[in-house]
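In this note's numbering, the protein residues as written are 453 to 735.
Printed below as a string of C-alpha coordinates:
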(Lines of atoms letter the chains of each structure in order from A and count residues from 1; the text may use other names and numbers.)
(Lines give C-alpha, C1' and ligand atoms only; values in the text may rest on other atoms or scores of the structure.)
Protein backbone atom coordinates (compact mmCIF):
# COMPACT_ATOMS: atom_id res chain seq x y z
CA UNK A 1 0.00 0.00 0.00
CA UNK A 2 1.55 3.34 -1.02
CA UNK A 3 2.22 5.95 1.67
CA UNK A 4 1.00 9.54 1.75
CA UNK A 5 4.56 10.75 1.08
CA UNK A 6 5.14 8.36 -1.82
CA UNK A 7 1.99 9.63 -3.52
CA UNK A 8 3.10 13.25 -3.11
CA UNK A 9 -0.03 14.22 -1.15
CA UNK A 10 -0.07 17.31 1.10
CA UNK A 11 0.99 16.71 4.77
CA UNK A 12 -2.48 17.79 5.99
CA UNK A 13 -3.75 14.36 4.79
CA UNK A 14 -1.86 12.71 7.69
CA UNK A 15 -3.55 15.05 10.17
CA UNK A 16 -6.95 14.25 8.68
CA UNK A 17 -6.23 10.51 8.94
CA UNK A 18 -5.70 10.85 12.71
CA UNK A 19 -8.85 12.92 13.33
CA UNK A 20 -11.18 11.50 15.97
CA UNK A 21 -14.49 12.32 14.29
CA UNK A 22 -15.92 13.99 11.20
CA UNK A 23 -16.53 13.42 7.51
CA UNK A 24 -13.64 13.47 5.02
CA UNK A 25 -14.72 13.30 1.36
CA UNK A 26 -12.34 12.58 -1.51
CA UNK A 27 -13.68 13.88 -4.82
CA UNK A 28 -12.56 13.49 -8.41
CA UNK A 29 -13.52 11.90 -11.71
CA UNK A 30 -13.05 8.18 -12.37
CA UNK A 31 -9.36 7.24 -12.46
CA UNK A 32 -8.01 10.24 -10.54
CA UNK A 33 -6.55 8.16 -7.70
CA UNK A 34 -9.22 8.71 -5.02
CA UNK A 35 -9.16 5.07 -3.84
CA UNK A 36 -5.34 5.03 -3.75
CA UNK A 37 -5.22 8.20 -1.66
CA UNK A 38 -7.85 6.79 0.71
CA UNK A 39 -5.85 3.56 1.02
CA UNK A 40 -2.74 5.59 1.93
CA UNK A 41 -4.78 7.49 4.52
CA UNK A 42 -6.15 4.28 6.06
CA UNK A 43 -2.63 2.79 6.00
CA UNK A 44 -1.29 5.80 7.91
CA UNK A 45 -4.05 5.52 10.52
CA UNK A 46 -3.52 1.75 10.75
CA UNK A 47 0.19 2.13 11.53
CA UNK A 48 -0.03 5.16 13.83
CA UNK A 49 -3.12 4.50 15.94
CA UNK A 50 -5.23 1.83 17.65
CA UNK A 51 -8.86 0.94 17.07
CA UNK A 52 -11.17 -0.68 14.55
CA UNK A 53 -11.30 0.37 10.89
CA UNK A 54 -14.20 -0.91 8.76
CA UNK A 55 -14.25 -0.47 5.00
CA UNK A 56 -17.15 -1.16 2.64
CA UNK A 57 -15.96 -1.16 -0.97
CA UNK A 58 -17.07 -2.15 -4.45
CA UNK A 59 -14.67 -3.75 -5.24
CA UNK A 60 -11.88 -4.03 -2.63
CA UNK A 61 -8.75 -2.57 -4.28
CA UNK A 62 -6.15 -2.70 -1.49
CA UNK A 63 -5.82 -5.36 1.21
CA UNK A 64 -4.90 -3.88 4.61
CA UNK A 65 -3.07 -6.11 7.10
CA UNK A 66 -3.75 -5.56 10.81
CA UNK A 67 -1.08 -3.24 12.26
CA UNK A 68 -1.97 -0.90 15.14
CA UNK A 69 -5.63 -1.27 14.20
CA UNK A 70 -7.93 -4.16 13.36
CA UNK A 71 -9.09 -3.68 9.76
CA UNK A 72 -12.36 -5.27 8.59
CA UNK A 73 -12.93 -5.06 4.84
CA UNK A 74 -16.23 -5.98 3.21
CA UNK A 75 -16.95 -6.15 -0.51
CA UNK A 76 -20.37 -5.29 -1.91
CA UNK A 77 -21.81 -8.30 -3.74
CA UNK A 78 -19.51 -10.75 -1.92
CA UNK A 79 -19.67 -10.01 1.81
CA UNK A 80 -22.75 -7.82 1.82
CA UNK A 81 -25.78 -7.17 -0.36
CA UNK A 82 -25.30 -3.41 -0.82
CA UNK A 83 -23.65 -0.33 0.67
CA UNK A 84 -26.84 0.56 2.55
CA UNK A 85 -27.30 -2.92 4.08
CA UNK A 86 -23.64 -3.01 5.16
CA UNK A 87 -23.77 0.48 6.63
CA UNK A 88 -26.87 -0.31 8.72
CA UNK A 89 -24.93 -3.10 10.45
CA UNK A 90 -21.63 -1.24 10.78
CA UNK A 91 -22.22 0.52 14.11
CA UNK A 92 -22.80 -2.85 15.83
CA UNK A 93 -19.12 -3.65 15.20
CA UNK A 94 -17.84 -0.70 17.29
CA UNK A 95 -15.78 1.00 14.57
CA UNK A 96 -13.53 4.03 15.05
CA UNK A 97 -13.08 4.66 11.33
CA UNK A 98 -15.59 3.82 8.58
CA UNK A 99 -14.57 3.91 4.92
CA UNK A 100 -17.34 4.03 2.32
CA UNK A 101 -16.01 3.19 -1.15
CA UNK A 102 -18.37 5.54 -2.97
CA UNK A 103 -21.38 7.68 -2.13
CA UNK A 104 -23.99 7.24 -4.87
CA UNK A 105 -27.33 7.82 -3.13
CA UNK A 106 -29.01 10.10 -0.60
CA UNK A 107 -29.29 7.16 1.82
CA UNK A 108 -25.54 6.47 1.75
CA UNK A 109 -24.79 10.19 2.18
CA UNK A 110 -27.15 10.36 5.16
CA UNK A 111 -25.44 7.34 6.73
CA UNK A 112 -22.03 9.00 6.27
CA UNK A 113 -23.28 12.16 8.00
CA UNK A 114 -24.79 10.07 10.81
CA UNK A 115 -21.49 8.23 11.39
CA UNK A 116 -19.65 11.54 11.68
CA UNK A 117 -22.36 12.90 13.98
CA UNK A 118 -22.10 9.89 16.31
CA UNK A 119 -18.37 10.39 16.90
CA UNK A 120 -16.72 8.35 14.14
CA UNK A 121 -14.26 9.31 11.43
CA UNK A 122 -15.99 8.59 8.12
CA UNK A 123 -13.98 8.55 4.89
CA UNK A 124 -15.73 8.36 1.52
CA UNK A 125 -15.41 9.21 -2.17
CA UNK A 126 -17.71 11.13 -4.49
CA UNK A 127 -17.69 11.87 -8.22
CA UNK A 128 -17.11 15.62 -8.77
CA UNK A 129 -14.29 17.78 -10.10
CA UNK A 130 -13.76 20.10 -7.14
CA UNK A 131 -15.07 20.93 -3.67
CA UNK A 132 -17.74 23.36 -4.91
CA UNK A 133 -19.12 20.81 -7.37
CA UNK A 134 -19.08 18.13 -4.68
CA UNK A 135 -21.19 20.26 -2.33
CA UNK A 136 -23.68 20.93 -5.14
CA UNK A 137 -23.76 17.20 -5.93
CA UNK A 138 -24.50 16.32 -2.29
CA UNK A 139 -27.36 18.84 -2.32
CA UNK A 140 -28.74 17.28 -5.52
CA UNK A 141 -29.12 13.89 -3.79
CA UNK A 142 -31.89 15.31 -1.60
CA UNK A 143 -35.32 16.86 -2.32
CA UNK A 144 -35.60 20.66 -2.01
CA UNK A 145 -37.39 20.56 1.37
CA UNK A 146 -34.37 18.82 2.94
CA UNK A 147 -31.67 21.15 1.55
CA UNK A 148 -31.49 23.39 4.64
CA UNK A 149 -31.14 20.34 6.90
CA UNK A 150 -28.40 18.88 4.66
CA UNK A 151 -26.43 22.15 4.72
CA UNK A 152 -26.77 22.25 8.53
CA UNK A 153 -25.60 18.61 8.90
CA UNK A 154 -22.65 19.20 6.56
CA UNK A 155 -21.60 22.42 8.31
CA UNK A 156 -21.50 20.57 11.66
CA UNK A 157 -19.89 17.31 10.54
CA UNK A 158 -17.71 17.91 7.48
CA UNK A 159 -14.03 17.83 8.41
CA UNK A 160 -12.48 18.21 4.98
CA UNK A 161 -13.01 17.81 1.26
CA UNK A 162 -10.06 16.74 -0.89
CA UNK A 163 -10.38 17.06 -4.68
CA UNK A 164 -7.77 15.27 -6.75
CA UNK A 165 -6.61 15.10 -10.36
CA UNK A 166 -3.73 13.15 -11.90
CA UNK A 167 -1.56 14.92 -14.47
CA UNK A 168 1.22 13.48 -16.66
CA UNK A 169 4.63 14.21 -15.17
CA UNK A 170 6.91 16.48 -17.17
CA UNK A 171 9.70 13.85 -17.10
CA UNK A 172 7.35 11.20 -18.51
CA UNK A 173 7.63 8.99 -15.41
CA UNK A 174 4.00 8.33 -14.55
CA UNK A 175 1.47 10.82 -13.20
CA UNK A 176 1.49 13.33 -10.36
CA UNK A 177 -1.46 14.35 -8.17
CA UNK A 178 -2.67 17.93 -7.90
CA UNK A 179 -4.89 18.36 -4.88
CA UNK A 180 -7.50 20.85 -3.70
CA UNK A 181 -8.03 20.92 0.08
CA UNK A 182 -11.06 22.43 1.81
CA UNK A 183 -11.03 22.44 5.63
CA UNK A 184 -14.19 23.16 7.60
CA UNK A 185 -13.18 26.30 9.49
CA UNK A 186 -15.88 28.31 11.32
CA UNK A 187 -16.26 30.65 8.31
CA UNK A 188 -16.48 27.75 5.84
CA UNK A 189 -19.08 26.12 8.12
CA UNK A 190 -21.10 29.35 8.09
CA UNK A 191 -21.02 29.52 4.28
CA UNK A 192 -22.12 25.87 4.03
CA UNK A 193 -24.90 26.35 6.59
CA UNK A 194 -26.27 29.27 4.55
CA UNK A 195 -25.82 27.34 1.28
CA UNK A 196 -23.42 30.03 0.00
CA UNK A 197 -21.15 27.48 -1.65
CA UNK A 198 -19.98 29.92 -4.36
CA UNK A 199 -18.05 31.95 -1.75
CA UNK A 200 -15.91 29.02 -0.64
CA UNK A 201 -13.43 28.98 -3.55
CA UNK A 202 -12.12 32.47 -2.82
CA UNK A 203 -11.87 31.71 0.90
CA UNK A 204 -9.82 28.57 0.15
CA UNK A 205 -7.39 30.61 -1.98
CA UNK A 206 -6.85 33.03 0.93
CA UNK A 207 -6.45 30.31 3.61
CA UNK A 208 -3.24 28.59 2.50
CA UNK A 209 -1.63 29.14 5.93
CA UNK A 210 -4.34 26.87 7.41
CA UNK A 211 -3.52 24.07 4.96
CA UNK A 212 -6.18 24.84 2.35
CA UNK A 213 -5.45 25.23 -1.34
CA UNK A 214 -7.44 25.43 -4.56
CA UNK A 215 -6.82 23.16 -7.52
CA UNK A 216 -5.39 26.10 -9.47
CA UNK A 217 -2.94 26.95 -6.66
CA UNK A 218 -1.83 23.31 -6.61
CA UNK A 219 -1.35 23.36 -10.41
CA UNK A 220 0.76 26.52 -10.25
CA UNK A 221 2.91 25.05 -7.45
CA UNK A 222 3.40 21.79 -9.38
CA UNK A 223 4.50 23.83 -12.40
CA UNK A 224 6.91 25.91 -10.27
CA UNK A 225 8.37 22.68 -8.86
CA UNK A 226 8.99 21.42 -12.40
CA UNK A 227 6.63 18.45 -11.96
CA UNK A 228 4.13 19.29 -14.73
CA UNK A 229 4.28 21.27 -17.97
CA UNK A 230 2.76 24.71 -18.50
CA UNK A 231 0.40 23.28 -21.14
CA UNK A 232 -1.00 20.68 -18.72
CA UNK A 233 -1.32 23.25 -15.93
CA UNK A 234 -3.51 25.38 -18.21
CA UNK A 235 -5.45 22.42 -19.62
CA UNK A 236 -6.56 21.13 -16.21
CA UNK A 237 -7.16 24.52 -14.56
CA UNK A 238 -10.54 25.63 -13.22
CA UNK A 239 -9.63 29.16 -14.36
CA UNK A 240 -6.97 28.97 -17.07
CA UNK A 241 -6.69 32.79 -17.17
CA UNK A 242 -5.83 32.96 -13.48
CA UNK A 243 -3.28 30.14 -13.78
CA UNK A 244 -1.75 31.69 -16.92
CA UNK A 245 -1.34 35.00 -15.08
CA UNK A 246 0.31 33.41 -12.04
CA UNK A 247 2.69 31.40 -14.24
CA UNK A 248 3.56 34.54 -16.22
CA UNK A 249 4.31 36.42 -13.01
CA UNK A 250 6.46 33.54 -11.78
CA UNK A 251 8.41 33.56 -15.04
CA UNK A 252 8.94 37.31 -14.68
CA UNK A 253 10.09 36.81 -11.09
CA UNK A 254 7.07 38.60 -9.61
CA UNK A 255 4.88 36.89 -7.04
CA UNK A 256 1.35 38.17 -6.65
CA UNK A 257 -0.68 37.71 -3.50
CA UNK A 258 -3.98 35.88 -3.51
CA UNK A 259 -5.69 38.94 -2.04
CA UNK A 260 -5.43 40.66 -5.42
CA UNK A 261 -5.48 37.42 -7.42
CA UNK A 262 -2.20 38.58 -8.92
CA UNK A 263 -3.80 41.42 -10.85
CA UNK A 264 -2.00 44.35 -9.23
CA UNK A 265 1.32 43.98 -11.02
CA UNK A 266 2.44 47.31 -12.45
CA UNK A 267 2.60 47.31 -16.22
CA UNK A 268 4.92 49.74 -18.04
CA UNK A 269 3.07 53.03 -18.37
CA UNK A 270 3.46 55.94 -20.69
CA UNK A 271 5.19 58.82 -18.96
CA UNK A 272 2.73 61.09 -17.19
CA UNK A 273 -0.21 58.81 -17.89
CA UNK A 274 -1.21 58.48 -14.23
CA UNK A 275 0.19 61.77 -12.90
CA UNK A 276 -1.73 63.16 -9.98
CA UNK A 277 -3.73 60.05 -9.11
CA UNK A 278 -2.97 56.84 -7.29
CA UNK A 279 -3.07 53.66 -9.29
CA UNK A 280 -5.29 51.10 -7.57
CA UNK A 281 -5.00 47.36 -8.10
CA UNK A 282 -7.66 45.77 -10.26
CA UNK A 283 -10.04 43.66 -8.24
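Beta carbons: idealized from backbone N, C-alpha and C, even for Gly.
### Message
Checking the sheet assignment: what are the DSSP bridge partners for residue 613?
### Response
477 and 634
#### Entry: Proximity below 9 Å, CB of residue 496 to CB of residue 523
no
#### Entry: Ordered list of alpha helix (DSSP H) runs contained in the stretch 486-559, each at least 4 residues
486-500 and 535-542
### Task
Check whether the Cβ atoms of residue 572 and residue 590 sit closer than 9 Å, and answer yes or no.
no
### Query
Pairing CB atoms from the stretch 465-484 with CB atoms from the stretch 607-624, are three or more of them under 8 Å?
yes
### Query
Going by DSSP, which residues form a beta bridge with residue 665?
633
### Query
Would you call the stretch 572-585 and the stretch 528-537 in contact, with 3 or more CB pairs under 8 Å?
no
### Simplified DSSP state of residue 628, which is helix, strand or coil
strand
### Message
Can you give me the C-alpha to C-alpha distance between residue 466 and residue 701, rounded to a whole angstrom?
### Response
32 Å
### Task
Specify the secondary structure class of residue 459 as computed by DSSP and reduced to three states.
coil
### Residue(s) in a DSSP beta bridge with residue 620
627
### Message
Looking at the strands, I want to know which residues DSSP matches up with residue 573.
### Response
474 and 549
#### Entry: Same chain, Cβ closer than 6 Å to residue 479, neighbours up to 5 away in sequence not counted
578, 580, 586 and 615
### Query
Would you report the Cα separation of residue 542 and residue 518, rounded to the nearest angstrom?
18 Å
### Message
On the CB-based measure, 16 or more other CB atoms within 10 Å of its CB, does residue 638 come out buried or exposed?
### Response
exposed
### Query
When the Cα atoms are used, what is the spatial distance from residue 582 to residue 653?
10 Å
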